[in-house]
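Below you'll find the structure, written out as structure tokens, and then a few comments.
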Amino acid sequence: MKLVIPSDCDNAPKRRIIRDLNIAFAKGDVDALKANFHNDITWEMIGDRVLTGIQEVTDFLISIKENKATALELKQILTHGKHAAASGILTFTKGKVYFHDFYEFSSAGSSLIRKISSMARDVK
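Using our numbering, the first residue of the sequence shown is number 8, and each one after it goes up by one.
Here it is, written out as structure tokens:
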């Protein structure tokens, strides 16, 4: 898989977490994703669905894990306190998905993600 990521992702622990989380998603690595999630996670996919709890999120990830990306370009990763955001492009064999994700960690000192809000657009 081709990776294009910002060169400054190593300057803050939460930036590394968000970078690695997006790489794991692109690769369909459910175990790596699950390791970063709080048990009470909520994932809102704007205009599509809301997943609640680690089991529902894990089941969804398992259902899509075979649809691996051929490329991931992370354009931006921002973090501040317990909040983070990432935007980029996932390339698949049948097209591209442009995404903007917003994350909330369980606290400023925690590495576990409690909320995700995702906006995505397919582009052929």
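Backbone N, C-alpha and C fix where the C-beta goes; we use that ideal spot for every residue, glycine too.
From the DSSP secondary-structure annotation, give me the bridge partner or partners of residue i.
i	result
ILE155	Residue 155 lies beyond the residue range present for the chain, which begins at 8 and ends at 131; the question has no answer from this structure.
PHE99	GLY102
ARG22	None; ARG22 has no bridge partner.
ASP129	VAL104
SER94	GLN83, HIS107
THR49	THR59, LYS122
VAL11	GLU80
Can you tell me which of the options puts its alpha carbon nearest to the alpha carbon of residue i?
i	options	result
LYS103	ASN43, ALA78, LYS122, THR49	ALA78
ALA33	ILE120, SER94, GLY88, THR98	THR98
GLY60	GLY54, GLU73, LYS75, PHE44	PHE44
ILE84	LYS72, MET8, ASP15, ALA115	ASP15
SER125	PHE106, LEU119, ASN18	PHE106
ILE123	LEU40, LEU81, THR100, PRO20	LEU40
ALA76	LEU119, GLU51, VAL37, ILE30	ILE30
SER114	GLY88, ILE96, LYS9, LYS101	GLY88
LEU10	SER118, ILE96, GLY116, GLU73	ILE96
SER118	THR49, LEU28, MET8, VAL37	LEU28
Can you have a look at residue i and say buried or exposed, based on whether 16 or more other CB atoms are within 10 angstroms of its CB?
i	result
LYS130	It is Val, not Lys, that sits at residue 130 in the sequence shown. Counting Cβ neighbours within 10 Å, VAL130 comes out exposed, since fewer than 16 surround it.
ARG128	exposed
ILE71	exposed
ASN18	exposed
LYS21	buried
THR100	exposed
ILE25	buried
VAL37	buried
VAL64	buried
Nearest chain D C-beta to residue i closer than 8 Å, yes or no?
i	result
SER113	Here chain D cannot be found, since the structure has a single protein chain.
Using a threshold of 7 Å, is the CB atom of residue i nearer than that to any non-hydrogen atom of the ligand NAD?
i	result
MET8	Summarising the ligand content, the structure contains no ligands, and the ligand NAD is consequently not present.
Since residue i and residue j should fall inside the 8 Å C-beta cutoff, what is the C-beta to C-beta distance between them, to a whole number of angstroms?
i	j	result
ARG121	ASP47	6 Å
GLY116	GLU73	Wrong, their Cβ atoms sit about 36 Å apart, outside the cutoff.
> Are at least three pairs of beta-carbons, each pair with one atom in the region 83-92 and one in the region 110-117, less than 8 Å apart?
Replying inline: yes
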